[in-house]
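Note that the working numbering numbers the sequence shown so that position 246 is 246, with each residue one more than the last. Structure, as structure tokens:
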Amino acid sequence: MTLAVFFGCAFIAFGPALALFLLTVVAEPLRIIILIAGAFFWLASLLFSSLVWFIAAKASDPSNEALQRGLLIFGVIFSVLLQEAFRFLYYKLLRKAIEGLLALSEDGCSPISIQQMAYVAGLGFGLMSGAFSMINLLADALGPGTVGIHGDSQLYFLTSAFMTLVLVLLHTFWGIIFFHGCETKQWWEVGAVVLTHLIVSGLTFWNPIYLGSLLPAYLLMAGAAVWAFHVSGGSKENLRHFLLCKYGQRFRAPGPCESAAKAPSLQRGVSGQLALFK
């Protein structure tokens, strides 16, 4: 039974992200490098936020429950802000990388667009975030033991897996929206990413009322997915062609050296996720 819980929760949490990695990233070495670097930047943000949390916890009175709860809230907010700060630093680094690739290219074209970088970087953030959220739970899921035997919720592992899934996908969508906001100087998009990240992280304080955290998180994820699809060049028309599996025409987003204005409307990408990276 514990083995079934382990594999079930692992595939729920990481199955969609693994599919995205295999379908859109693994075939391109440059995308793999960007994904690993994105995971490293998230890990660096965790290291710094953990250091601040450790110092604050050691300097506080452990018997003061109100203070400890305040420190927990502070830790969540500080961690989210630091993650988004590192996302911005990674954007600036990738922007410099594109300039270097353009300088080295014979035809003046970068082999990867900023939209593709945003998607892969966001996926890297999400995978590393999900790994740290779920790895200890998966280790415990192997047992021995029975979930909820002492009256606790039997849905703990399952709801944790679904929350990890939503965070992995949200980081992917946040990466696309965040980079788009930086590219177009629409800083309200960057602010929206930070705000929704704070909201989703704050929803976990509802646990163990799992419906109170999962339902709003998935609604926010759906909204972020639509938003990311839109800023990636998606439209109702090419989405309809994608859903109807019309493969007779080649749908793709404009490449780094193409102008979206000059490209035919049906060549602007089937979706902001898969077709953008064919």
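Where a beta carbon is used, it is the ideal one built from N, C-alpha and C, also for glycine.
For residue j and residue i, the rounded distance between their alpha carbons
i, j, result
"L43", "Q83", "9 Å"
"R252", "Q154", "Any answer about R252 is weak, because its pLDDT of 48 lies below 50 and its placement is not dependable; what the coordinates show is given next. When rounded, the distance between both Cα atoms is 45 Å."
"A263", "I98", "Its pLDDT being 35, under 50, A263 is placed unreliably in this model, and the coordinates cannot settle the point."
"A225", "V25", "19 Å"
"L214", "C109", "43 Å"
"F11", "A19", "10 Å"
"S235", "L23", "22 Å"
"L102", "A118", "18 Å"
"F125", "P144", "32 Å"
"G38", "A56", "27 Å"
"L211", "L220", "14 Å"
"D140", "L3", "11 Å"
"V76", "G191", "17 Å"
"F178", "H230", "13 Å"
"F74", "A85", "16 Å"
"L30", "Y218", "31 Å"
"I112", "F54", "40 Å"
"F48", "F78", "10 Å"
"A189", "C182", "The sequence given here has Glu at residue 189, not Ala. E189 and C182: Cα-Cα distance of roughly 8 Å."
"S133", "L46", "12 Å"
"R69", "Y156", "22 Å"
Residue environment, residue i, which counts as buried when at least 16 other CB atoms sit within 10 Å
i, result
"S60", "exposed"
"W187", "exposed"
"I209", "exposed"
"C245", "exposed"
"F162", "buried"
"L167", "buried"
"S50", "exposed"
"F14", "buried"
"N64", "exposed"
"L142", "exposed"
"T184", "exposed"
"Q249", "Reliability of the predicted coordinates at Q249 is poor, the pLDDT of 48 falling under 50, and no value is obtained from them."
"I199", "exposed"
"A222", "exposed"
"I34", "buried"
"G233", "buried"
"L169", "buried"
Among the options, nearest to residue i - alpha-carbon criterion
i, options, result
"L72", "A118, F40, F205", "F205"
"A228", "V193, I33, G124, L211", "V193"
"H180", "L123, A56, I114", "I114"
"A131", "L142, Q68, T164", "T164"
"N136", "A121, K58, S160, L123", "S160"
"Q116", "A66, G175, R69, N64", "G175"
"Y90", "G70, F54, F40, L67", "F40"
"L122", "S201, F173, V52", "The question names Leu, but residue 122 in the sequence shown is Gly. Nearest option by C-alpha distance: F173."
"L158", "L35, L138, L170", "L138"
"V80", "Q68, H171, H241", "H171"
"H197", "S232, L243, E237, R87", "R87"
Contiguous beta strand (DSSP E) assignments of at least 3 residues, all confined to the stretch 59-89: none
Stretch pair the stretch 89-97 + the stretch 6-26: three plus CB contacts closer than 8 Å: no
Segments assigned alpha helix (DSSP H), at least 4 residues, entirely inside the stretch 176-242: 187-203, 210-231
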